[in-house]
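Asker: One structure follows; several queries about it will come next.
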Amino acid sequence: IIIHRDRDCLTDEELNIYTDCFTGEGIYVFIPEYCDLEGYFCSSNHIQTLYPMLTETVVEEVLTAVLHNRYDKLLEKLVNSRIDFLKKNGTGINAGEIAVFCRRKLNEYPMQCANRKILLSGLNEELRIRVGHNINLKTQSEGIICSPLANIKDEIDKG
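Per the numbering used here, the sequence shown starts with residue 117, numbered consecutively.
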């Protein structure tokens, strides 16, 4: 059994507590490296695999530009998600502390924290301009590399 939980706005400690709830033979918890599963569609590997005419430098420039241009929306979503999580868990809300935490996390780990729906929208717009036609990042490619699932597969194979 593989249990999936998006990383969302949770701290590593909160994710560890969640993971510890599921122990037992044949039970695995899959937490994406990114904020959510859509993050794999935003990876530079995936984008370059789908659109090989784009160099690594161009893809990184596009990712950086989209993160910069959508920063306020990304931060707002992260703060609101964090507040919602804390409310659901009965934890006290300190708006200033949450804002500082979310800003620091988004600045230090933008690809891990950025909401992918917001990021995908920006990437689609920017890449459409660069490629010259409509694009679809929500598709399979050899460029999607999911280490957490690969690790689970290896554990199962050892089994």
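By construction, the Cβ of each residue, glycine as well, lies at the ideal position given by its N, Cα and C atoms.
These numbers come from a predicted model, not from an experiment.
#1: Using DSSP with H/G/I as helix, E/B as strand and the rest coil, what is F146?
#2: Kindly list the residues whose CB is nearer than 7 Å to the CB of C229, restricted to its own chain and excluding five residues on each side of it in sequence; keep chain order.
#3: Tell me whether the beta-carbon of I118 lies closer than 8 Å to the beta-carbon of F146.
#4: Whose C-alpha, out of K254, Y187, H184 and F217, is nearest the C-alpha of I199?
#5: State the beta-bridge partners of I118 as determined by DSSP.
#6: Would you say C137 and L239 are within 8 Å of each other, going by their C-beta atoms?
#7: In angstroms, rounded to a whole number, what distance separates the CA positions of P226 and L191?
#8: How about the region 246-261 and the region 156-176: do they share at least three Cβ pairs that are nearer than 8 Å?
#9: Just mark V182 as buried or exposed, buried being the case when its beta carbon has 16 or more other beta carbons within 10 Å.
#10: Going by the beta-carbon positions, is the gap between L153 and D128 smaller than 8 Å?
#11: Here's a check: name, in chain order, each residue in its chain whose Cβ is nearer than 8 Å to the Cβ of R219, leaving out the five neighbours to either side.
#12: According to DSSP, is H249 helix, strand or coil?
#13: Find the nearest neighbour of S263 within the set L126, T135 and P148, judged by alpha-carbon distance.
#14: Assign M276 to one of three DSSP states: helix, strand, or coil.
Answerer: Concretely, from the data shown:
#1: Counting from one through the sequence shown, the residue named residue 146 turns up at place 30. F146: strand per DSSP, three-state reduction.
#2: The residue you call residue 229 lines up with position 113 of the sequence shown. Hits under 7 Å: C151, L194, K221 and L222.
#3: Stepping through the sequence shown from its first residue, residue 118 is reached at position 2. Stepping through the sequence shown from its first residue, residue 146 is reached at position 30. Contact flag set, yes.
#4: Here the question's residue 199 lines up with position 83 in the sequence shown. With distances taken between Cα atoms, I199 lies closest to F217.
#5: The residue you call residue 118 lines up with position 2 of the sequence shown. Partner(s): Y144.
#6: Within the sequence shown, the letter at position 21 stands for residue 137. Within the sequence shown, the letter at position 123 stands for residue 239. No, the Cβ-Cβ distance between C137 and L239 is not below 8 Å.
#7: If you number the sequence shown from 1, residue 226 lands on position 110. If you number the sequence shown from 1, residue 191 lands on position 75. Each residue's alpha carbon lies about 10 Å from the other.
#8: yes
#9: Against the sequence shown, residue 182 aligns to sequence position 66. Buried, because 16 or more other Cβ atoms sit within 10 Å of the Cβ of V182.
#10: Residue 153 sits at position 37 when you count from the first residue of the sequence shown. Residue 128 sits at position 12 when you count from the first residue of the sequence shown. No, they are not a contact pair.
#11: For the purposes of this step, residue 219 is taken as the residue at position 103 of the sequence shown. Counting only Cβ-Cβ distances below 8 Å, and skipping sequence neighbours, we find L191.
#12: One-based indexing of the sequence shown puts residue 249 at position 133. In the structure shown, H249 sits in coil (DSSP, three-state: anything other than H, G, I, E or B).
#13: As a working note, residue 263 is residue 147 in the sequence shown. With distances taken between Cα atoms, S263 lies closest to P148.
#14: No answer is possible for residue 276: the residues shown for the chain start at 117 and end at 275.
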